[in-house]
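Residue numbers (the numbering used here): 5 to 492.
Glycine included, each C-beta is placed from N, C-alpha and C at the ideal position.
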């Protein structure tokens, strides 16, 4: 644990920015009650949730502060600045809050601390600064309540917006499947009726077997039918309609589009006539048309169900249900899942461009949190462009870092605004349209949790947010894994 070595003098305490404005009597009081303690690199100074017994001020070394988020230890700060503090910082609130450490502090290197018991720290604040203490109490509880309400509102709005888009996307294939199923039921009933007419004794067994063989061939043709241009389709339908009318088949204009969709032509219908004869041609053609239409409807249902399954899979990928919080991920899967969630929100005149470098390897990451970053950046890009523009999602490699870029063709970020975009609660949107938490949350996820970096480059007509992530996971206490993020 700790080793008590010596005490600081009032003059030494005055060199710390936290105490530089205190008078001599106050410094004497602190010097008498505080002590210097050492911690070895890699050891825990205090742990989140433990009783908050001491207030710590860093004298020498480097420390890392972390918080527990759903069972994950999330690093929120790492520094070697002399005079930074932590521990029982809420001791002045007394029993109005639980007096436990709100985070964990670990010594990255061997470190020295000035340590003051929590009750002494609280007594000094309340007796030396009574009015500021009342103001701080009001500010603390007001900000806490505001952050909870606004943060929850931000998440609910984002979830509601994405859910609406996902619901819209799911509704289209679901409606198509319901419609196709209803039509399919009628076609199957019609097929049974026509088969009974054909097989009522007018066809011998050999002709009936030949017709069934043609039916199987028609099914096979549906699977390999070429996709025709609208002009070619119209010409083929006209040709087939003329052939059917010439051979006395009623309603040729209804049958021709289905037969053409199945890849059938007059030459193939001539084989049907040869198999059943002119007298039974219309019944045979209608039976085969039902067969082709049934196959086309089943393909439509299959496509719709596959689309629904794909959307559900994308939603699951986006939310990271049933997945380990931290794992090796392919960022392209995460980006694609997020873009699927946004499909209903992307205006018709906004072009989406994907420029993926598939050669970059998977990276260790908290996938659900990265999806939140992509959501915030894409939502901001769409908001900047309005109803028209180009949204580019690009991946690549910068040295030993993976880079993800979100670029929009909006008006750009004003120079006077740019230094503040990562500040919590700062927003350029109208009152009520944004909370100003999106970029702050993204910054903390990328920089503090993933030891990466997030940067912005902007000019009129082009703004790029670049997220840099380590490709390999560095040692947890290695300062090199936490590059300095550029908030401007």
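Straight-line gap, residue 217 to residue 312 (C-alpha atoms, nearest Å): When rounded, the separation of the alpha-carbon atoms in residue 217 and residue 312 is 34 angstroms.
Inter-stretch contact at 8 angstroms, needing at least 3 Cβ pairs: the stretch 384–404 / the stretch 447–457: Contact check between the stretch 384–404 and the stretch 447–457: fewer than three CB pairs, one atom from each, fall below 8 angstroms, which does not count as touching.
Sub-8 angstroms separation of residue 379 and residue 417 beta-carbons: Contact flag unset, no.
Test item: CB-CB of residue 56 and residue 92 under 8 angstroms: Closer than 8 angstroms, so yes.
Rounded C-alpha distance that separates residue 74 from residue 461: Because the pLDDT at residue 74 is just 47, under 50, the model does not fix this residue reliably, and the point stays unresolved.
Sequence-distant residues of its chain with Cβ nearer than 7 angstroms to residue 489 (five each side left out): Interpretation of residue 489 is limited by its pLDDT of 35, a score under 50 that renders its predicted location unreliable; the figure taken from the coordinates is listed afterwards. Annotation for residue 489: 447, 451, 457 and 458 place their beta carbon closer than 7 angstroms to its own, counting only its chain and skipping 5 residues before and after.
Sequence-distant residues of the same chain with beta carbon closer than 8 angstroms to residue 178, five excluded per side: Its chain contains 308 and 312 as the residues whose beta carbon lies nearer than 8 angstroms to that of residue 178, once the 5 sequence neighbours on both sides are disregarded; these appear in chain order.
For residue 335 and residue 285, the rounded distance between their alpha carbons: Cα to Cα, the separation comes out at about 58 angstroms.
Cβ pair count under 8 angstroms reaching 3, the stretch 178–189 against the stretch 249–265: Taking 8 angstroms as the limit for Cβ pairs, the verdict is that the stretch 249–265 does not touch the stretch 178–189.
Residue from 381, 395 and 414 with nearest C-alpha to residue 443: Considering only alpha carbons, the answer is 381.
Cβ-based neighbour list, residue 436, same chain, cut-off 7 angstroms, excluding 5 preceding and 5 following: Caution applies to residue 436, whose pLDDT of 40 falls short of 50 and renders its modelled position unreliable; the model cannot decide the point.
DSSP three-state assignment for residue 20, whether helix, strand or coil: Correct three-state label for residue 20: coil.
Option in 211, 329 and 63 with minimal Cα separation from residue 111: When each option's Cα is compared against that of residue 111, the closest is 63.
Residue 52 - DSSP class collapsed to helix/strand/coil: If DSSP states are grouped into helix, strand and coil, residue 52 belongs with coil.
Span of the beta strand (DSSP E), counted from its first residue to its last, around residue 407: Per DSSP, residue 407 is one residue of the beta strand (DSSP E) stretching across 405–412.
Terminal residues of the beta strand (DSSP E) in which residue 37 lies: Boundaries for residue 37: no beta strand (DSSP E) harbours it, while the alpha helix (DSSP H) harbouring it runs 28–37, taken from the DSSP string.
Residue 88 versus 105, 97, 58 and 67, residue with shortest Cα-Cα distance: When each option's Cα is compared against that of residue 88, the closest is 67.
Contact belief for residue 120 with residue 38 at Cβ below 8 angstroms, rounded distance in angstroms: About 4 angstroms separates the two Cβ atoms, so the contact holds.
Neighbourhood of residue 23 by C-beta distance below 6 angstroms, restricted to the same chain and skipping five residues each side: 17.
Pair within 8 angstroms by beta-carbon distance, residue 292 and residue 222: Residue 222 sits close to residue 292, with the two beta carbons spaced by under 8 angstroms.
Counterpart residues of residue 331 in DSSP-defined beta bridges: Paired residue(s): 369.
Straight-line gap, residue 453 to residue 409 (C-alpha atoms, nearest Å): Roughly 19 angstroms separates the two Cα atoms.
Option in 368, 337, 372 and 90 with minimal Cα separation from residue 358: Among 368, 337, 372 and 90, the Cα nearest to that of residue 358 belongs to 337.
Cβ-Cβ distance between residue 342 and residue 219 below 8 angstroms: At least 8 angstroms separates the beta-carbon of residue 342 from that of residue 219.
Proximity below 8 angstroms, CB of residue 273 to CB of residue 289: The Cβ atoms of residue 273 and residue 289 lie closer than 8 angstroms to each other.
Residue interval of the beta strand (DSSP E) (run including residue 458): DSSP places residue 458 in the uninterrupted beta strand (DSSP E) bounded by 457–463.
Distance between residue 78 and residue 1 (C-alpha atoms, nearest Å): The structure shown does not extend to residue 1, since the chain is modelled only from 5 to 492, so the question has no answer here.
Alpha-carbon to alpha-carbon, residue 183 and residue 422: If you take the alpha carbons of residue 422 and residue 183, they lie about 51 angstroms apart.
Chain-order list of residues whose beta-carbon lies under 8 angstroms from that of residue 392 (same chain, five-residue window excluded): Closer than 8 angstroms at the Cβ level, and outside the excluded window around residue 392, lie 351, 353 and 354.
As assigned by DSSP and simplified to three states, the class of residue 466: Here residue 466 sits in strand by DSSP.
Run of the alpha helix (DSSP H) containing residue 271, from where it starts to where it stops: Membership of residue 271 in the alpha helix (DSSP H) is indicated by the continuous run 270–280.
Contacts around residue 333, its chain only, beta-carbon distance under 7 angstroms, and the 5 residues preceding and following it disregarded: Only 366, 367, 369 and 371 meet the Cβ criterion.
Cutoff 8 angstroms; reference residue 330; Cβ partners in own chain excluding five residues on either side: Contacts found: 76, 368, 369 and 370.
Nearest residue (CA-CA) to residue 51, options 13, 105 and 84: Considering only alpha carbons, the answer is 105.
Residues near residue 239 by beta carbon distance below 7 angstroms, same chain, minus five either side: In its chain, beyond the 5 residues on either side, no residue has a beta carbon closer than 7 angstroms to the beta carbon of residue 239.
Span separating the alpha-carbon of residue 362 from that of residue 405: One C-alpha to the other measures close to 14 angstroms.
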